[in-house]
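Residue numbers (the working numbering): 34 to 195.
The beta carbon of each residue, even a glycine, is placed where N, CA and C say it ideally should be.
What follows is the structure, given as structure tokens:
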């Protein structure tokens, strides 16, 4: 039975939206942390909550499109990829709850650190993998590494400010 290849366009647009929302969240955090009082509220909502929820949709709802975007379309459902989306849903949801329920700067900063450690781990895993094992191209890895470092910087700065 032949399988039809998935269209990567939907997940490519979701990936772009993820980087835009995440980048705006990082910028907001860099702007609001030095204020009195310091804040990561909007930054956490965007950089952790928004990117987590968008990544969930991309990895889990549009998993075939996302697999095609990354060159991993096996022509069938990949439960591991959906699990990655569920992990994104977890910290995205907790970030939204942290903001909505007013859990404060320390919790918001910790969420930045959790997401940053995850992203940096993904980059390291990809760098340790060969091309035949599905390593991503340099461009996306540089973007992911940059995002990871900025999440860690904002998270560390937030913990210090709390």
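Judged by their CB atoms, residue 77 and residue 43 are not nearer to each other than the 8 angstroms cut-off. Looking at 194, 169, 180 and 189, the one whose alpha-carbon comes closest to that of residue 104 is 169.
With fewer than 16 other Cβ atoms inside 10 Å of its own Cβ, residue 162 counts as exposed. Minimum Cα-Cα distance from residue 125 among the listed residues 117, 83, 191 and 68 corresponds to 83. The three-state reading of DSSP puts residue 83 in helix, counting H, G and I together. Here the stretch 65-73 does not lie against the stretch 82-97, with fewer than 3 beta-carbon pairs under 8 angstroms apart. The alpha-carbon separation between residue 142 and residue 189 amounts to approximately 7 angstroms.
The beta-carbon separation of residue 156 and residue 174, rounded to 6 angstroms, stays under the 8 angstroms limit for a contact.
Only buried fits residue 41, as 16 or more other CB atoms lie within 10 angstroms of its CB. By the Cβ neighbour-count rule, residue 88 is buried, with 16 or more other Cβ atoms within 10 Å of its own. Contact between residue 85 and residue 121 holds, with the beta-carbon distance rounding to 5 angstroms and staying under 8 angstroms. DSSP places residue 173 inside the alpha helix (DSSP H), whose first and last residues are 171-194.
In the displayed model, residue 89 falls within a helix according to three-state DSSP. Assignment of residue 152 by DSSP, reduced to helix, strand and coil, places it in the helix class.
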